[in-house]
Amino acid sequence: MPRRGLTRPLIRAAALASAGLLALSACGGDQAGPRLELTAALPDAPADDTVLRVGDPATQVALETSGLIDELDVEVEWANITGGPKTLEAFRADAIDIGSVADIPPLFAHWTGTDVRIVAARETVDPMEHPTYELGVAPGVDVESIEDLKGKKIAYSPGQAQGALVLNVLRAAGLSQDDVEFVEMQSVDDAFSVALAGKQVDVAPLGQTLVKTYLAKYERDGATTILPGVRDDAWTLYAPTAVLEDADKAAAIKEFVVAWAKAQQWISEHPDEFAQAYYVDHEGLAPEDATHVVEALGEYTVPTDWDEFIARHQETVDTLVEAQGQEPLKVETLYDRRYEKAIAAALEGS
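Residue numbers (our numbering): -13 to 336.
Next up, the structure:
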């Protein structure tokens, strides 16, 4: 039967509990395909019954809205899973095959015993003008620049991109960890906004989807945000190595990363359509807030040569090794560059 563009829902759960993930994995895992060495060439196509389980709702919406889903010649089960902690939990429960996160979650997956590989990368065209995060400032707290962070209580999530951002901001401000007080917590949903509003912390990184709503609620009480002044745009697709050692899954991912790359291009070229389809219809934002988010995030680009992306990632690794005592890591070992070639062949040939 035709397979082009087939999708089917997995479990729509913004906050999947461990029990739910275990139940999902019990019924969601397919019989493994032939074993593939990580150094072997990628197969041309997966077996006809291969199903790829993907945690990336933004790309799902982009593919469906743009019609690019019709070019995806593999069956996909979509999971409404975002963020590093939820994605890693889903990997460990064998609930998804591939997820979309910033550059920090793959590092912490590795450091906490889950073997993963990065299979695609994305950057922002003008990252300093379009930061992924702003620093939210609690009502009544006086912070007008990153130098003003000295002595402040800062929300800190060591295993997420927000944690690395805080470390990079402190370094840019000429401050050390001893100059501030870290309040460790995970950035899940609106946890950081709630912490700011409740004066649990003075400062916290807020994604652009939260900035507008945070200010709308608390600006009248003195809440503000400031720009971080450092680059924070690195984004990745990653998968457990066990998935990539399955020849059929590896071939399915080869097809998916090309569709994913085209979806990122479409998002940049059609911001109004994406704002409506994803941020309004899927995420429930007001239209004006959705417009703010896409304008704040700017345009994306998918590199077809990963050398510079990997070099910047190594700088982040070195920062975390120094600041958190993590095990030294040559980050290039986490990149499966077979997919770099697949993306380059598709994008440069189109």
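In this text, a Cβ means the ideal position worked out from N, Cα and C, and glycines have one as well. All of these numbers come straight from a predicted model, not from anything done at the bench.
- Residue 53 is not a Cβ neighbour of residue 33, given a cutoff of 8 Å.
- Where residue 38 is concerned, there is no enclosing alpha helix (DSSP H), although the beta strand (DSSP E) around it starts and stops at 37 to 41.
- Here DSSP, grouped into helix, strand and coil, assigns residue 298 to helix.
- Under the three-state reduction of DSSP, residue 232 is assigned to strand.
- The residues 236, 237, 240, 324 and 328, in chain order, have a CB closer than 7 Å to that of residue 28 in the same chain once the five nearest residues on each side in sequence are set aside.
- By the C-beta density criterion, residue 120 is buried, having at least 16 other C-beta atoms within 10 angstroms.
- In the DSSP annotation of this structure, residue 264 is not part of any beta strand (DSSP E), being labelled neither H nor E.
- The C-alpha of residue 24 lies about 34 Å from the C-alpha of residue 117.
- DSSP places residue 72 inside the alpha helix (DSSP H), whose first and last residues are 70 to 78.
- In this structure, the alpha-carbon of residue 205 lies about 19 Å from that of residue 135.
- If you draw a straight line from the Cα of residue 141 to the Cα of residue 190, it comes to about 5 Å.
- When secondary structure is reduced to three states using DSSP, residue 192 falls in the strand class.
- Inter-segment contact for the stretch 89 to 109 and the stretch 225 to 233 is present: three or more beta-carbon pairs are separated by less than 8 Å.
- When the Cα atoms are used, residue 146 and residue 311 turn out to be separated by approximately 16 Å.
- Beyond the five residues adjoining it in sequence on each side, residue 289 comes within less than 7 Å, by CB distance, of 107, 109 and 295 in the same chain, given in chain order.
- Here the C-alpha atom of residue 292 lies approximately 12 Å from the C-alpha atom of residue 300.
- Residue 109 is bridged by DSSP to 287.
- The beta carbons of residue 76 and residue 67 sit closer together than 8 Å.
- For residue 102, the secondary structure class from DSSP, reduced to helix, strand or coil, is strand.
- Where residue 180 is concerned, the enclosing alpha helix (DSSP H) starts and stops at 177 to 183.
- In this structure, the alpha-carbon of residue 298 lies about 33 Å from that of residue 59.
- Residue 64: member of the beta strand (DSSP E) spanning 61 to 65, first to last residue.
- Excluding sequence positions up to five before and after residue 271, its CB lies within less than 6 Å of the CB of 265, all in the same chain and listed in chain order.
- In the DSSP assignment, residue 92 falls within the unbroken alpha helix (DSSP H) covering 91 to 97.
- CA-to-CA, the gap between residue 169 and residue 144 works out to about 10 Å.
- In chain order, 54 place their CB closer than 7 Å to the CB of residue 248, counting only its own chain and leaving out the 5 sequence neighbours on each side.
- With respect to residue 123, residue 209 sits close: the two C-beta atoms are nearer than 8 Å.
- About 20 Å separates the beta carbons of residue 74 and residue 305, which is beyond the 8 Å limit, so they are not a contact pair.
- By DSSP's assignment, residue 221 forms a beta bridge with 88 and 108.
- Relative to residue 244, the option among 223, 262 and 254 whose CA is nearest is 223.
- In the three-state scheme derived from DSSP, where H, G and I count as helix and E and B as strand, residue 23 is classed as coil.
- Secondary structure note for residue 329: its alpha helix (DSSP H) is the uninterrupted segment 324 to 334.
- The DSSP-derived three-state label of residue 117 is coil.
- Per DSSP, the continuous alpha helix (DSSP H) segment holding residue 152 begins and ends at 147 to 158.
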